[in-house]
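Comments concern the structure below.
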């Protein structure tokens, strides 16, 4: 992980501290791969999100993506259902700590 990826991993790990911790994060263009140590899971879990882009209206930060997958079968099924339900969109309150993500990911057109 480079310094930028480490800052993003730290922010996300803090936000979801009661669930687990990101141990590896790789950003490649509009794609993200992450390895997490989840509470109650003996083995690390891998996630991959492709086709990411972001937008912001000044108060809300919106991430959209094309596809998401997970190495844990039951969690992959939940993730697919969640993607359909949210139309592959994640909305967060705008935060300066999201700035590294904005530098790395493409902005929506």
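Numbering (our numbering), first residue to last: 12 to 120. Note that beta-carbon positions come from the ideal geometry of N, C-alpha and C, so glycine has one too.
Rounded distance between the beta-carbons of residue j and residue i, thought under 8 Å
i	j	result
residue 35	residue 28	The Cβ separation is near 17 Å, so there is no contact.
residue 15	residue 76	About 19 Å; that fails the 8 Å criterion.
Those residues which DSSP pairs with residue i across a bridge
i	result
residue 31	49
residue 43	38 and 60
residue 103	72
residue 67	72
residue 118	65
Check whether residue i and residue j have beta carbons under 8 Å apart
i	j	result
residue 50	residue 30	yes
residue 71	residue 104	yes
residue 112	residue 33	no
Buried versus exposed, by CB contacts within 10 Å (16 or more), residue i
i	result
residue 65	buried
residue 38	buried
residue 47	buried
residue 116	buried
- Quick one: complete alpha helix (DSSP H) runs, 4+ long, within the region 70–101? Taking only runs of at least 4 residues, the alpha helix (DSSP H) segments lying wholly in the region 70–101 are 84–97.
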